[in-house]
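What follows is the structure, encoded as structure tokens:
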């Protein structure tokens, strides 16, 4: 998948700036998210076939361990390859944990993003993504 110059959304995702960042842009982003969620659902199902279901405590410990390793890599500025490795491992364990806890991660992520869109629209009347240093 090709990403936009910001690296946050697919290249074909709507540009909030180009669309006035109002309700129209919010709808476009919501549609883009909804279109992507089936892929996450399929990835979760695939992870179940690869990892199976461990005991919740054990999987939680490994998930937290991966989060710690990611935090360390970020703080130490260990480079892009290391960040990709740790983000990948953390994501894999999040998929495993969701399977163990019988949570549809795609539905959970979709809900979280919809809530953020609604929060921004209610507060700012437009989408206002966070910016580093701002």
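Residue numbers (the numbering used here): 42 to 175.
We put the beta carbon where it would ideally sit given N, CA and C, even for glycine.
By how many angstroms is the C-alpha of residue j removed from the C-alpha of residue i?
| i | j | result |
| --- | --- | --- |
| residue 87 | residue 138 | 13 Å |
| residue 58 | residue 94 | Confidence at residue 58 is low in this model, with a pLDDT of 49, below 50, so its placement is unreliable and the value that follows should be read with caution. Each residue's alpha carbon lies about 43 Å from the other. |
| residue 147 | residue 174 | 30 Å |
| residue 73 | residue 92 | 29 Å |
| residue 162 | residue 149 | 20 Å |
| residue 105 | residue 120 | 21 Å |
| residue 97 | residue 145 | 16 Å |
| residue 112 | residue 118 | 10 Å |
| residue 89 | residue 110 | 23 Å |
| residue 64 | residue 80 | 26 Å |
| residue 68 | residue 154 | 12 Å |
Quick one, which of the options has its alpha-carbon nearest residue i's?
| i | options | result |
| --- | --- | --- |
| residue 66 | 149, 166, 130, 107 | 166 |
| residue 132 | 64, 76, 84 | 84 |
| residue 103 | 89, 90, 135 | 135 |
| residue 82 | 155, 162, 143, 160 | 143 |
Since residue i contacts residue j with CB under 8 Å, what's their CB separation in whole angstroms?
| i | j | result |
| --- | --- | --- |
| residue 78 | residue 151 | 5 Å |
| residue 114 | residue 124 | 6 Å |
| residue 141 | residue 71 | Actually they are not in contact, since the Cβ atoms of residue 141 and residue 71 sit about 29 Å apart, beyond 8 Å. |
| residue 127 | residue 107 | 7 Å |
Exercise for review: Let me know the alpha helix (DSSP H) ranges lying completely inside the segment 94-133, each 4 residues or longer, listed in chain order.
Suggested key: You should have 97-116.
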